[in-house]
Structure formats: structure tokens, C-alpha cells
Amino acid sequence: MAESSEQTTVIIAIDKSKIAEKMFDWYVDRLHKAKSDIYLVYCVEGASLATSEGMRLSEGEWQKMYRKEMEEKKFIEEKYEKIAKEKNIAIKFDIRYGKPGEAIVSAAKDLRASFVMMGTRGMGTIRRTILGSVSDYVVHHCHCPVIVHRV
């Protein structure tokens with residue numbers, strides 16, 4: 001771990017993927033400083049997008065989707081809490097709702113991030129152009145430096 005007297009606020013974008021887990025490990029092993037506040041930002045997008053983008057779901061369908069998202073959120077929090085405990089570091093969770101790119105940029109602004117750390121799947125140029133990329137969005141819209149780690 002690198003040492004510094006400067007306080008930093010680090011945003012680490014996570015999801016349920018192995019890519020995010022490997023990227024988090026990489027950050028902790030190579031970049032983490034003792035005086036860093038680490039916020040793990042997780043975006044819940046399904047149920048919130050379904051209603052905000054005009055999709056019609058029955059109450060039962062919406063509740064089922066919401067329960068699934070909350071189970072995933074709990075699983076992710078427990079997984080990262082265990083990793084953080086093993087590595088003897090403190091983390092905080094910041095749960096956001098909506099589109100992941102917008103949520104990460106918003107979290108970085110709200111939390112006054114020193115930098116954002118995120119992983120990427122490494123989509124090809126054509127897929128990234130057609131589908132867009134969360135990391136592309138964050139790099140182009142974030143107020144602070146963004147480290148995109150390709151695992």
C-alpha cells in the first residue's frame with residue numbers, strides 16, 4: 001500500500017461481476033492509501049428504469065424485480081465487506097438508482113471524489129459504438145480523473 005498524508009476520496013464502481021472484484025483487488029493492492037475514504041458505488045437499474053422509461057409492469061412484476069435487485073445488492077455488499085475485512089480496509093457503500101454511467105458521475109460529484117476507479121469488459125469498437133459503454137460515459141462526463149482498469 002502506498003502511504004500519503006493527503007486525504008483522498010475514492011469512488012470504486014462495482015457490480016456483481018468478477019471483473020469488478022478483480023479491479024477492486026487491484027486497487028487495494030496497488031493504489032490504496034491509508035487516508036483514503038473508499039466509496040463502493042453500486043447502481044440498481046432494473047426496476048427504477050422500468051418505471052422511468054415508460055415500461056409498464058404489473059405491481060407483482062415490479063415487486064419481483066425489486067426483490068431480486070435487493071437480494072443482489074445484499075449479496076454484493078456482503079461480498080465486498082468480507083473482502084475489505086480480509087484486507088483490513090474500511091469501505092462505505094453508496095447505492096444509486098438509474099443508469100450506471102449517470103449514477104457513477106453523480107456519486108463522484110456528490111462525494112467530491114479525488115478519482116473514480118472502474119473496470120471494463122473490453123467490448124470491441126463496433127459493440128461499444130452501438131451499445132455505448134459505461135466507462136466511456138464516465139470518462140467523458142466526470143469532473144475528476146477516471147481510472148479504467150481492463151482485467
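If you read the sequence shown in full-length UniProt numbering, its first letter stands for residue 1, the second for the next number, and so on.
Ideal Cβ placement from N, Cα and C applies to all residues, glycine included.
Residue j beta carbon less than 8 Å from that of residue i
| i | j | result |
| --- | --- | --- |
| ILE11 | ALA84 | no |
| LEU40 | ILE104 | no |
| LEU111 | ASP136 | no |
| ARG121 | SER106 | no |
| MET117 | ILE147 | yes |
For residue i: DSSP bridge partner residues
| i | result |
| --- | --- |
| LYS92 | TYR39 |
| ILE14 | TYR42 |
| VAL148 | MET118 |
| TYR97 | VAL44 |
Through-space distance from residue j to residue i, alpha-carbon basis
| i | j | result |
| --- | --- | --- |
| SER36 | GLN7 | 6 Å |
| GLU71 | VAL44 | 11 Å |
| ALA13 | SER58 | 31 Å |
| ASP29 | LYS64 | 38 Å |
| ALA34 | CYS142 | 24 Å |
Neighbourhood of residue i by C-beta, 8 Å cutoff - its chain only, sequence neighbours within 5 removed
| i | result |
| --- | --- |
| LYS16 | GLU72, PHE75, ILE76 |
Other residues of its chain near residue i: CB distance less than 7 Å, five sequence neighbours each side excluded
| i | result |
| --- | --- |
| VAL151 | ILE19, LYS22, MET23, GLY119 |
Top-ranked residue by Cα proximity to residue i, from the options
| i | options | result |
| --- | --- | --- |
| HIS32 | ALA13, VAL139, CYS142, LYS87 | LYS87 |
| PRO100 | TYR42, ASP25, ILE38, HIS140 | TYR42 |
| LYS82 | GLY98, VAL138, ALA113, ASP25 | ASP25 |
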